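Working notes, structure below.
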Amino acid sequence: MGKLDKFVEVGRVAFIANGKDSGKVCAIAEIIDQNRVLIDGPCSGVRRQVCDMKRLHLTRFCIDLPHSARTAVVRRKWTAAKLDEKWKETSWAKKLEARRLRTNMSDFDRFKLARAKQIRNSIIALAAGKIRKEAKAKPNALRFRKPNKKRHIKKE
Amino acid sequence: LQQMAKSSAPHKPKNSAINASRLMKYSRARIFQRKAAYKVKKVKTPAKKSAEKAAAAAAFVVKKIGGDKNGGERKVYKKTPKSLPTQVASRKVQLRPKKTFKKHVRRIRSNLAPGAVLILLAGRHKGKRVVLLKQLESGLLLVTGPRKLNGCPLRRVSQRYVIGTKTRIDISKVALPERLNDAYFRRQRSAKKSAASAGGSADIFAKSDAAYAVSAERREDQAAVDKALMGAIKASGDGPMLRSYLRSLFSIKSGQRPHAMVF
Chain A
210 MGKLDKFVEV GRVAFIANGK DSGKVCAIAE IIDQNRVLID GPCSGVRRQV
260 CDMKRLHLTR FCIDLPHSAR TAVVRRKWTA AKLDEKWKET SWAKKLEARR
310 LRTNMSDFDR FKLARAKQIR NSIIALAAGK IRKEAKAKPN ALRFRKPNKK
360 RHIKKE
Chain B
32 LQQMAKSSAP HKPKNSAINA SRLMKYSRAR IFQRKAAYKV KKVKTPAKKS
82 AEKAAAAAAF VVKKIGGDKN GGERKVYKKT PKSLPTQVAS RKVQLRPKKT
132 FKKHVRRIRS NLAPGAVLIL LAGRHKGKRV VLLKQLESGL LLVTGPRKLN
182 GCPLRRVSQR YVIGTKTRID ISKVALPERL NDAYFRRQRS AKKSAASAGG
232 SADIFAKSDA AYAVSAERRE DQAAVDKALM GAIKASGDGP MLRSYLRSLF
282 SIKSGQRPHA MVF
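Chains as they are written, first to last, in this note's numbering: chain A, 210 to 365; chain B, 32 to 294.
Here you go:
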């Protein structure tokens with residue numbers, strides 16, 4: 210378990226994991242009870258609605274929102290905090306984007322990807338082959354020695 | 032009659048349906064009275080093809096025969112049919128007339144447009160990626176490799192055995208020869224066999240399957256279409272990649288789920 214640093218609070222930016230608006234981020238505008246919150250994501254296309262906490266994954270972002278702030282206020286605070294760019298820069302968002310691209314690859318894209326991998330691997334294989342060849346040329350004693358190991362030098 | 036001609040301009044119908052049902056306001060007898068149809072004299076249409084009818088009604092047919100000394104003609108008397116129907120055969124009402132195959136509507140999947148790259152799933156060329164040229168009148172698709180890239184010639188293919196991919200080549204400048212139609216691709220039955228079946232006297236055990244030889248016009252058309260198509264592929268954005276793509280074969284790899292894949 211990591212640090213318990215992400216709290217369910219007004220202004221917390223959350224990621225909707227499943228259901229209708231899955232894949233989008235929103236802000237928590239109000240906490241209703243133990244399990245439910247009021248969310249709103251005017252900049253990300255999420256309507257103001259009640260959401261179960263089980264659907265939400267909390268992000269590390271939090272905006273300064275008064276509780277029960279109306280949509281216009283949420284929008285203003287969101288754009289002021291430049292949350293769209295910040296979210297896009299996170300590795301979470303990047304991974305999602307990569308996954309989305311991968312599932313939407315056409316047959317031709319898959320072919321191009323396979324070809325690119327093959328070309329890259331052949332370059333690596335060539336380089337590795339060269340290193341192996343050079344290593345073979347070295348004498349045995351030097352070949353198997355670990356380069357940074359501290360060695361006991363015999364005092365003559 | 033002149034009066035009739037004057038009043039033959041379209042007027043309101045005398046009968047009407049009750050409340051959008053099938054029932055009509057006036058019965059057939061009432062309408063007959065209302066229209067004063069008893070006044071209308073029935074015009075007899077002149078008997079057409081009377082000569083043919085007379086011939087049909089006659090007891091014999093006059094037939095010409097060969098030979099010098101045979102008199103040239105014979106009267107062949109018509110035989111009575113072996114069995115006559117005891118009941119009048121009731122005509123079945125065709126509410127919707129049967130559509131012959133020619134008149135069937137040919138549909139095409141929305142993602143199959145000329146220039147699309149298709150994956151053939153069955154037949155001699157299964158696994159190959161080919162270019163769709165057009166849909167023929169029979170509904171079959173006309174495709175080609177191009178033959179230069181993967182050996183698939185100008186060929187007909189059924190939509191059902193094909194995956195349409197999203198990849199498109201702009202073939203608006205590719206001029207297809209006019210003669211590429213269903214008759215062009217129709218399978219040729221060897222002449223010997225057909226003669227044998229007609230005559231009945233030819234050697235039925237003779238092997239009449241000559242090896243299939245590509246006709247000159249096929250070669251010509253293939254070369255022309257290939258040239259134009261290769262030009263179109265070159266002109267498209269991914270030219271070299273597209274060429275190697277069309278050369279490659281399609282297969283499902285481990286972990287790939289076709290129903291979840293985008294083609």
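Every residue gets a Cβ at the ideal spot worked out from N, C-alpha and C, and that includes glycine. Note that the structure is a prediction, hence the values are computed from the model and not measured.
**OP:** Using three-state DSSP, classify MET292 of chain B as helix, strand or coil.
**Re:** Mapped onto the second sequence, residue 292 of chain B falls at position 261. If DSSP states are grouped into helix, strand and coil, MET292 of chain B belongs with coil.
Original post:
What span of residues does the alpha helix (DSSP H) with PHE214 of chain A cover, start to end?
Top reply: Reading the first sequence from its first residue, position 5 is the one you call residue 214 of chain A. The sequence shown places Asp at residue 214 of chain A, rather than the Phe named in the question. Counting along the chain, ASP214 of chain A falls outside any alpha helix (DSSP H), and DSSP gives it neither H nor E.
Subject >> Minimum Cβ-Cβ distance from ASP201 of chain B to chain A less than 9 Å >> reply: The residue labelled residue 201 of chain B in the question sits at position 170 within the second sequence. By this cut-off, ASP201 of chain B is not an interface position.
Subject >> Whole-number beta carbon distance between PHE91 of chain B and VAL107 of chain B, since they are thought to touch under 8 Å >> reply: Locating residue 107 of chain B in the second sequence gives position 76, counting from the first residue. Locating residue 91 of chain B in the second sequence gives position 60, counting from the first residue. About 6 Å; that satisfies the 8 Å criterion.
Original post:
Residues of chain B with CB under 8 Å from SER300 of chain A, in chain order?
Top reply: Here the question's residue 300 of chain A lines up with position 91 in the first sequence. Going along chain B, no residue has its Cβ under 8 Å from SER300 of chain A, so there is no contact; the nearest lies around 24 Å.
Original post:
With DSSP run on the structure shown, which of helix, strand or coil describes ILE272 of chain A?
Top reply: Position 63 of the first sequence, counting from 1, holds the residue named residue 272 of chain A. Coil at ILE272 of chain A, not helix or strand.
Original post:
Is DSSP giving MET262 of chain A helix, strand or coil here?
Top reply: Along the first sequence, read from residue 1 onward, the residue named residue 262 of chain A stands at position 53. Note: MET262 of chain A maps to helix in three-state DSSP.
**OP:** Let me know if LYS159 of chain B comes out buried or exposed under the rule of 16 or more other beta-carbons within 10 Å of its beta-carbon.
**Re:** Locating residue 159 of chain B in the second sequence gives position 128, counting from the first residue. Buried: at least 16 other Cβ atoms inside 10 Å.
Original post:
CYS260 of chain A to ARG269 of chain A, Cα distance in whole Å?
Top reply: Taking the first residue of the first sequence as 1, we reach residue 260 of chain A at position 51. Taking the first residue of the first sequence as 1, we reach residue 269 of chain A at position 60. Roughly 19 Å between the two C-alpha positions.
Original post:
DSSP puts ILE225 of chain A in a beta bridge; with which residues?
Top reply: Reading the first sequence from its first residue, position 16 is the one you call residue 225 of chain A. Partner(s): A:LEU265.
**OP:** Check whether the Cβ of PHE317 of chain A sits closer than 8 Å to any heavy atom of the ligand GDP, and report yes or no.
**Re:** Absent from the structure shown: the ligand GDP. Ligands present: none.
Subject >> Beta-carbon proximity check, ALA263 of chain B vs GLY146 of chain B, cutoff 9 Å >> reply: Residue 263 of chain B sits at position 232 when you count from the first residue of the second sequence. Residue 146 of chain B sits at position 115 when you count from the first residue of the second sequence. Yes.
**OP:** Step through the CB atoms of chain A and report whether any lies within less than 9 Å of the CB of TYR276 of chain B.
**Re:** Reading the second sequence from its first residue, position 245 is the one you call residue 276 of chain B. Yes, because at least one Cβ of chain A sits closer than 9 Å to the Cβ of TYR276 of chain B.
**OP:** Go ahead and pull the three-state DSSP assignment for LEU32 of chain B.
**Re:** Taking the second sequence and counting its residues from 1, one reaches residue 32 of chain B at position 1. Any reading at LEU32 of chain B must be qualified, since the residue scores a pLDDT of 49, below 50, and its modelled position is unreliable; the value itself is stated next. Of the three classes helix, strand and coil, the one that applies to LEU32 of chain B here is coil, per DSSP.
Original post:
Around the Cβ of PHE63 of chain B, are there at least 16 other Cβ atoms within 10 angstroms (buried) or fewer (exposed)?
Top reply: In the second sequence, residue 63 of chain B corresponds to position 32, counting from 1. Counting Cβ neighbours within 10 Å, PHE63 of chain B comes out exposed, since fewer than 16 surround it.
Subject >> Exposed unless 16 or more other CB atoms sit within 10 angstroms - verdict on VAL205 of chain B >> reply: Within the second sequence, numbered from 1, the residue matching residue 205 of chain B stands at position 174. Buried: at least 16 other Cβ atoms inside 10 Å.
**OP:** Could you run through the stretch 141 to 165 of chain B and flag, in chain order, every residue whose CB is less than 9 Å away from some CB of chain A?
**Re:** VAL148, ILE150, ARG160
Original post:
What number of angstroms, rounded off, separates the C-alpha of ARG271 of chain A from the C-alpha of GLY254 of chain A?
Top reply: Numbered from 1 along the first sequence, position 62 holds the residue referred to as residue 271 of chain A. Numbered from 1 along the first sequence, position 45 holds the residue referred to as residue 254 of chain A. The question names Arg, but residue 271 of chain A in the sequence shown is Cys. CYS271 of chain A and GLY254 of chain A: Cα-Cα distance of roughly 18 Å.
Original post:
Looking at the structure shown, is LYS94 of chain B part of a helix, part of a strand, or coil, going by DSSP?
Top reply: Here the question's residue 94 of chain B lines up with position 63 in the second sequence. Residue state, collapsed to three classes: strand.
Original post:
Are the CB atoms of ASP316 of chain A and THR175 of chain B nearer to each other than 9 Å?
Top reply: Here residue 316 of chain A refers to the residue found at position 107 of the first sequence. Here residue 175 of chain B refers to the residue found at position 144 of the second sequence. Cβ distance not < 9 Å, so ASP316 of chain A and THR175 of chain B don't count as in contact.
**OP:** Let me know the alpha helix (DSSP H) ranges lying completely inside the stretch 237 to 281 of chain B, each 4 residues or longer, listed in chain order.
**Re:** 247 to 266, 270 to 278
**OP:** Return the first residue and the last residue of the beta strand (DSSP E) that GLU104 of chain B is part of.
**Re:** Residue 104 of chain B sits at position 73 when you count from the first residue of the second sequence. Run containing GLU104 of chain B: 104 to 108, per the beta strand (DSSP E) assignment.
Original post:
Does the beta carbon of SER277 of chain A sit closer than 9 Å to a beta carbon anywhere in chain B?
Top reply: The residue given as residue 277 of chain A occupies position 68 in the first sequence. Cβ-Cβ to chain B under 9 Å: no for SER277 of chain A.
Original post:
Taking three-plus beta-carbon pairs below 8 Å as touching, is the stretch 134 to 152 of chain B in contact with the stretch 164 to 181 of chain B?
Top reply: yes
Original post:
Are there three or more Cβ pairs, one per stretch, closer than 8 Å when the stretch 116 to 135 of chain B is compared with the stretch 187 to 194 of chain B?
Top reply: no
Subject >> Within chain B, the residues that SER315 of chain A reaches when beta carbons sit closer than 8 Å >> reply: Taking the first residue of the first sequence as 1, we reach residue 315 of chain A at position 106. The contacting residues are THR196, LYS197, THR198, VAL293, PHE294.
Original post:
Taking the alpha-carbon positions, what's the LEU213 of chain A to LYS304 of chain A distance?
Top reply: Taking the first sequence and counting its residues from 1, one reaches residue 213 of chain A at position 4. Taking the first sequence and counting its residues from 1, one reaches residue 304 of chain A at position 95. For LEU213 of chain A and LYS304 of chain A, the distance between alpha carbons rounds to 23 Å.
Subject >> Chain-ordered chain B contacts of PHE216 of chain A [CB-CB under 8 Å] >> reply: Position 7 of the first sequence, counted from the start, is the residue given in the question as residue 216 of chain A. Per Cβ cutoff of 8 Å: no residues; PHE216 of chain A is ~37 Å from chain B at best.
**OP:** Pick out whichever of A:ARG309, A:ASP293, A:PRO251, A:LEU247 has its Cα sitting closest to the Cα of GLN258 of chain A.
**Re:** Position 49 of the first sequence, counted from the first residue, corresponds to residue 258 of chain A. Out of A:ARG309, A:ASP293, A:PRO251, A:LEU247, A:LEU247 has the C-alpha closest to the C-alpha of GLN258 of chain A.
**OP:** Leaving aside the five residues before and after MET261 of chain B along the sequence, list all residues of the same chain whose C-beta is less than 7 Å from its C-beta, in chain order.
**Re:** Here residue 261 of chain B refers to the residue found at position 230 when the second sequence is read from its first residue. Result list for MET261 of chain B: PRO177, LYS179, in chain order.
Subject >> Cβ distance (whole Å) where VAL222 of chain A is taken to contact ALA238 of chain A below 8 Å >> reply: The residue given as residue 222 of chain A occupies position 13 in the first sequence. The residue given as residue 238 of chain A occupies position 29 in the first sequence. Wrong, their Cβ atoms sit about 11 Å apart, outside the cutoff.
Subject >> Span separating the alpha-carbon of LYS165 of chain B from that of GLN287 of chain B >> reply: Position 134 of the second sequence, counting from 1, holds the residue named residue 165 of chain B. Position 256 of the second sequence, counting from 1, holds the residue named residue 287 of chain B. Spanning the two alpha carbons is a distance of roughly 30 Å.
Subject >> Simplified DSSP assignment, three categories, for ASP293 of chain A >> reply: In the first sequence, residue 293 of chain A corresponds to position 84, counting from 1. In the structure shown, ASP293 of chain A sits in a helix (DSSP, three-state: H, G or I).
**OP:** Just the C-alpha distance for ALA325 of chain A and ILE240 of chain A, rounded to the nearest angstrom, thanks.
**Re:** As a working mapping, residue 325 of chain A is identified with position 116 in the first sequence. As a working mapping, residue 240 of chain A is identified with position 31 in the first sequence. The alpha-carbon atoms of ALA325 of chain A and ILE240 of chain A are separated by roughly 49 Å.
**OP:** Please report the residue range of the alpha helix (DSSP H) in which ALA144 of chain B lies.
**Re:** For the purposes of this step, residue 144 of chain B is taken as the residue at position 113 of the second sequence. Per DSSP, ALA144 of chain B belongs to no alpha helix (DSSP H) and is neither H nor E.
Original post:
Of all Cβ atoms in chain B, is any one closer than 9 Å to the Cβ of ARG308 of chain A?
Top reply: To locate residue 308 of chain A, count along the first sequence from 1; it is residue 99. It does not: the Cβ of ARG308 of chain A has no partner Cβ on chain B nearer than 9 Å.
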